[in-house]
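The opening position of the sequence shown corresponds to residue -11 in our numbering, with each subsequent residue numbered one higher.
From the three backbone atoms N, C-alpha and C, an ideal C-beta is built for every residue, glycine too.
Report on one structure; see the data block that follows.
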Amino acid sequence: MEDEGIHWTSAGPRVILTAVLLIGVAALVAVLVPARAATRVDPLLVLRADSPTLDLLPMSSLSVDSAAAAVVR
């Protein structure tokens, strides 16, 4: 009599294809997530580039209130 246990080879190519698909999805996520994070723009940097008054101020002297006041002017 033959053993009735689970044999990995009896599952056929479905197990191999599923494993390859899962590895491919994990690799795609690992590649795309850091690229997406790198494309984020710092809003304060954009403010400084658009406003000539903010370019004259050192970054340490900027606060949220002074940046908002400079943008309103």
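Straight through space, the alpha carbons of V17 and V8 are spaced by roughly 14 Å.
When rounded, the separation of the alpha-carbon atoms in I4 and L33 is 48 Å. When DSSP states are grouped into helix, strand and coil, G0 belongs to the coil group.
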